[in-house]
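Engineer:
Residue numbers (my numbering): 2 to 157.
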């Protein structure tokens, strides 16, 4: 009890006295711009060969590893769909993206995707630890609004 009476005086703290000093951005990200969508050069449906491109209308119909779809912030394979939560694009035609994926089996996982454009119709994709895969441009992704709105229709 004697100790308690010795510390009975008032204690004052100013705003921010105990605030830690935190860097506003990571040195790893200095000079880089983070995006929440995949690069324009990668937008579309990509397949490993022409027969795969001609043979399906939805990505789920393709064999695993034979096709991918990239549209805005979505990356889809026959077995999963992923959403970008952070991407960086360097000065070259390459992009690295962090993904949050939902697998068709119901599981979820985080992933890292690296995209590199080669020429006008080849996309090199490195999905996590898997070896780099080469895909050829198949066709663009048509948005729902483009499908619904026929040419010449008014937009009210």
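All C-beta atoms in this analysis are idealised placements derived from N, C-alpha and C, irrespective of residue type, glycine included.
Less than 7 Å between C-beta atoms, sequence neighbours within five positions excluded: which residues of the same chain meet that for residue 2?
Structural biologist: For the purposes of this step, residue 2 is taken as the residue at position 1 of the chain shown. Low confidence applies here, because residue 2 scores a pLDDT of 47, under 50, leaving its location unreliable; read the following figure in that light. If we look at residue 2 and ignore the five residues flanking it on each side, it has no Cβ neighbours.
Engineer: Using a 10 Å radius around the Cβ and a threshold of 16 neighbouring Cβ atoms, would you call residue 1 buried or exposed?
Structural biologist: Lying before the first or after the last residue shown, residue 1 is absent from the chain, which here runs from 2 to 157.
Engineer: Along the chain, where does the alpha helix (DSSP H) that runs through residue 146 open and close?
Structural biologist: Indexing the chain shown from 1 puts residue 146 at position 145. Looking at the DSSP string, the run of the alpha helix (DSSP H) that includes residue 146 is 145–149.
Engineer: So, helix, strand or coil for residue 43, using DSSP?
Structural biologist: Indexing the chain shown from 1 puts residue 43 at position 42. Reduced to three states, the DSSP call for residue 43 is helix.
Engineer: Can you give me the Cβ contacts of residue 1 inside the same chain, cut-off strictly under 8 Å, excluding the 5 residues immediately before and after it?
Structural biologist: Past the edges of the chain, shown from 2 to 157, lies residue 1, and the structure says nothing about it.
Engineer: Per DSSP, which residues does residue 72 bridge with? Please list them.
Structural biologist: Position 71 of the chain shown, counted from the start, is the residue given in the question as residue 72. 75.
Engineer: Can you give me the C-alpha to C-alpha distance between residue 149 and residue 140, rounded to a whole angstrom?
Structural biologist: Looking up residue 149 in the chain shown gives position 148. Looking up residue 140 in the chain shown gives position 139. Going by the C-alpha atoms only, they are around 18 Å apart.
Engineer: Would a C-beta distance cut-off of 8 Å place residue 90 and residue 36 closer than the cut-off?
Structural biologist: Taking the first residue of the chain shown as position 1, residue 90 is located at position 89. Taking the first residue of the chain shown as position 1, residue 36 is located at position 35. Their beta carbons are under 8 Å apart, which means residue 90 touches residue 36 by this criterion.
Engineer: Whole angstroms is fine: what's the gap from residue 78's alpha carbon to residue 100's?
Structural biologist: Residue mapping note: residue 78 aligns to position 77 of the chain shown, counting from 1. Residue mapping note: residue 100 aligns to position 99 of the chain shown, counting from 1. Going from the Cα of residue 78 to the Cα of residue 100 covers about 13 Å.
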